[in-house]
Structure formats: structure tokens, C-alpha cells
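Numbering (our numbering), first residue to last: 18 to 564.
For every residue, glycine included, the Cβ atom is placed at its ideal position computed from N, Cα and C.
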């Protein structure tokens, strides 16, 4: 519980999350001949080598990059490919360099957080207890000594990263640093050198082409016709492999895009831009084609309209969604719902589990007649540092394992397809206050309410604009207040309405007793009973009501 003496952090107002800005669909390239696969490998390898050289040149430019250097790089690439391939390669290079810069800034923030935490804990006496916001001192002299050494390591590491950032130096590996380091641990990864080599070459291929509005079917480099025919504009050195006019190579595979195929067909028939990417799944031995395009910015549903039909509160946990349907007044309706998922195993398995759980959640919300879903605006980037929860390794792994960013983005995009909106709320105190005010009242002999279920109610009430706490039952008749004051809810504009209700006790008297001070008013010597009262006492009506 949050005591009256503890200050609460400011709780941000709920807001409606923006809808998706783009769409990506995928279909398998079925029926490829060995000749088709050979051409795809040759084209992808050639363009991949050009992309690697271009990335090296861009990293060498650093902060001195400008329009002139970009034009020079693109002109050199055009000679060895084509102008459109060169444009796609340089754009991908710029995106990768910018992503590395953002990762560098995030790494600096993480190092700063670790340095501040260690410095704070080193300044405290040993075994001093911490608070919810700040950790306490270290447990032993040995741990204190080890952390002083780690502090110097982090400071040196931060100085090196800061110097790289000031000089515009980034460290990028085409194909991924993880896969590169796997080459030295093949036994641990259970891979042979040939298997690793195939994955490495696949990751470094480049077969991506940006769309172009006004061109035939929205893309001149990788073209897909309405009947599903896929053709590729070959680079200049590989033009002799063409099997169609104008230096193009037509694949034998056909694509249909079962998901959002109608929307894709409408775009290409109107010659609107569609970007394509061809890639190989090494584990399955299958080639795939991804199609993506942007969507116009659509005005989101107003918050008042989203609240009109009630809300579904969703509490995100490490292995399930805990949900509860709330009416417009913030009252729970029906029974809680739980949609489990498993975040162990491969990335593909985890992604499939999340999509399946989100699909179940959205379909249940539609059956309830909802228009909005309340979700916590979670961000665990500051909570997963080893310096804050050093000994609680399982807890850090639990926080790191919840894909909050990916989950939120996927939920927003999938909800938009069902005309549902996501109302993001501040996650402060939802689990604590939900358990305090709702867990016990919602439990029945046949229904066990968990802490996560009550947190879902708290999230839904906050999304609806109601305070989390329940209405306090009015007192019995014949008491001094005669009902009334405890049934009134705090309005949305009243400060402190989210706080717990303070018990009506003489806290000023308790504070004086703890401080050792005396009362400011003399104690009356009058008797407490009628029998002991003096018979000669007279009553005087004083206009100033002196006591």
C-alpha cells in the first residue's frame, strides 16, 4: 500500500495509440526451378557485395556525409547494377547507419544508468535497505570492492563509446554480429561449417527493391503482375542471364498473397508504390517474397468515442494476457479471461505464440461489443539493467523476455484490421492498487481472482477515466456522517483522486507524539461525568465560543 507520507509519481493521462503506418504481406515462391534459385543466388550475392562496399564507404564518411558524397556513391553503384538498384542499396545503407547511431545512443544511456546506480549504491553504508525507487547498499565488503572495479570498467567503456559517437564512428556487421560470432562456436550452435556458411551468405544477400508510384505495377526493379508473375531487373554484369526482354528474368513461381491480397491488387493495378523483398529461409529451404506499402495517416478515434461502449482491460504478463470486460461505469462484467502464450524457443515460435494470443483477445473483444482495449504503456528498458536487480537474475530475465515493443506494435496493427483502437495508460500502481481494491471483492466461492485479473480491472478503469479505487461502502445509520460522503467519487479533474483513501485518524496528534512535542491547547479539567460536576457551575453563552 502507498502510505500518506510517500509521494506518488505523476500519472500520465490515457491516450489513443496511433494506427499502423504500413503493411507487409508474405507469400511463398512455389515451384522454383534449380535455374531460378541459381539466378537468385547470383543476383543476391552480387548486389550484397555492392551493399557491403557501400556501407563501408558510408561508415568511412561519418558525420562528413552530404548530398555530394551520396551522389558519388550512387553513381559508382549504377555502373555495376542499375540506377534503381543503386537507389535501393544507398537507402538501405543510410537506414542501417541511422539504426546503428540510435543503438549507440541507447548503449550510452544504458551505461549512464549503470554508472549512476553503482555510484549511488557505493555511497551508501553496507546492507542499508533501499526503497522501491532506489536500491540500497551492497551486502558485503567483497561485493562493494567488485563493484568499484566494475564502475571503472563501465566508465572506460562509456568514454570509448562517447568518443565513437562524437567522431561519427559506428560498428556494423552486414549479416549480424551474432551470426558472425557463431562462426567461432559452431559446436555450441550445433552447426557445421557448411551450414554456417550458407546462413552467412543468405544473410548478406541483397534482393530488396523500393516501390515507385506511377511506374508499371508500382515497381520497375522487382515487378509482380496482377496474375502473380514475378520478374527481376538484372544488374548490368548479369544481363546475359535474362530470359525476357529489357534484361529481365521471369521466375516460374506464382504469388497470390492470400492475406490482404485484394488491397495489394488494388495498389498495383493503380500503379501505386509497392516495395518487394526476396529472401531464403535456410532452415526450411524455401524462398519467400515480401510486399510492403505505406498507408495514409488516418485520424484515430477520439478518446470519448472509444470509451462509449466500455473497455477491455488487458494486463500483460510473462506467459499470458489477463483481461476483463468493463462497462462504461468501470464495473467488471462477466468472468475474467486469460489468453496464454509461450515465449520460449525460437523467435519464429515466440512470434507465432504472440500472434495467436492477440487473435484470441481481439475476437473475444469483438464478441463483447467493444470498440477499444486498454493496455499499459510498458517500457522495461530502464528496469532490465543488471545494476538495479543484480542478484535477481531470474527477475531480470523475466522482464527482458516480455517483448513489450513488438507486442504493442503487433497488437495495434492487428486491432486496426478489426476496427478496434488501443488506449494506452500509465502503468503506475495498477498491479498494487488493483490487488488492494479489486482482488478480494471480485473473488467468489467458485471463482478465484488473481492479482493479474485485478490489475486488468485497474487498467480498464484508468483507460475509462475512472479512479482505480472502489466506492467505499457508506456507514450505517445513526452514525455522525449519516451516509453520503463516502459514496461520492472524485471527479476526473481533482488532483490526488488516484491515491488511496487515508484513514480518518488524528495524524497530527500521532506526529506530535513521535516528535515529542506537547499539545498547543491546555487540557480541560472539567469532569467527564455529570455526577462529578460542581453544583455551583453556571452556563454562560459566549459570543466568541471560547473553549
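| Check | Outcome |
| --- | --- |
| Leaving aside the five residues before and after residue 75 along the sequence, list all residues of the same chain whose C-beta is less than 6 Å from its C-beta, in chain order. | 110 and 114 |
| The beta strand (DSSP E) that contains residue 477, what's its start and end? | Not the beta strand (DSSP E): residue 477 falls in the alpha helix (DSSP H), residues 468-481. |
| Should residue 333 go down as buried or exposed, given a rule of 16 or more other Cβ atoms within 10 Å for buried? | buried |
| Which of the three DSSP states, helix, strand or coil, is assigned to residue 309? | strand |
| Given a threshold of 16 other Cβ atoms within 10 Å of its Cβ, counted over all protein chains shown, does residue 338 qualify as buried or as exposed? | buried |
| Excluding sequence positions up to five away, which residues of its chain have a Cβ less than 6 Å from the Cβ of residue 399? | Unreliable placement is indicated for residue 399, whose pLDDT of 47 sits below 50; the coordinate value is still reported in the next sentence. Cβ within range, chain order: n/a, list empty. |
| For residue 80, is the classification buried or exposed, using 16 other Cβ atoms within 10 angstroms of its Cβ as the cut-off for buried? | exposed |
| Less than 8 Å separating the beta-carbons of residue 369 and residue 437? | no |
| Which term fits residue 425, buried or exposed, when burial requires 16 or more other beta carbons within 10 angstroms of its beta carbon? | buried |
| How about the region 215-235 and the region 139-153: do they share at least three Cβ pairs that are nearer than 8 Å? | no |
| Taking residue 346 as the reference, give the member of 485, 208 and 362 with the closest Cα. | 485 |
| Between the region 182-195 and the region 155-173, do three or more beta carbon pairs fall short of 8 Å? | no |
| Would you give the residue range spanned by the beta strand (DSSP E) that residue 340 belongs to? | 337-343 |
| Below 8 Å on the Cβ atoms is my contact criterion, and I expect residue 288 with residue 250 to pass it. Report the Cβ-Cβ distance as a whole number of Å. | Actually they do not touch by this definition, with Cβ atoms about 17 Å apart. |
| Across which residues does DSSP place residue 249 in a beta bridge pair? | 239 and 266 |
| Closer than 7 Å by C-beta to residue 98: which residues in its own chain qualify, once you throw out the five before and the five after it? Chain order, please. | 64, 67, 252 and 253 |
| With 16 other CB atoms within 10 Å as the buried threshold, where does residue 393 fall? | buried |
| Grouping DSSP H, G and I as helix and E and B as strand, with all else coil, what is residue 115? | helix |
| Considering only heavy atoms of the ligand GDP, does any lie closer than 7 Å to the CB of residue 163? | Among the components of this structure there are no ligands whatsoever, and the ligand GDP is therefore not found. |
| Among the residues of its own chain, which have a CB less than 8 Å from the CB of residue 387, if the five just before and after it don't count? | 326, 327, 328, 329, 342 and 437 |
| Quick one: what does DSSP say residue 98 is sitting in, helix, strand or coil? | coil |
| Leaving out five residues on either side along the sequence, give the residues of the same chain with a beta carbon under 8 Å from the beta carbon of residue 319. | 33 |
| Is it buried or exposed, residue 234, if we count other Cβ atoms within 10 angstroms and call 16 or more buried? | buried |
| Once the 5 residues before and after residue 196 are set aside, which same chain residues still bring their CB inside 7 Å of it? | 216, 217 and 220 |
| To the nearest angstrom, report how far apart residue 248 and residue 54 are at their CA atoms. | 13 Å |
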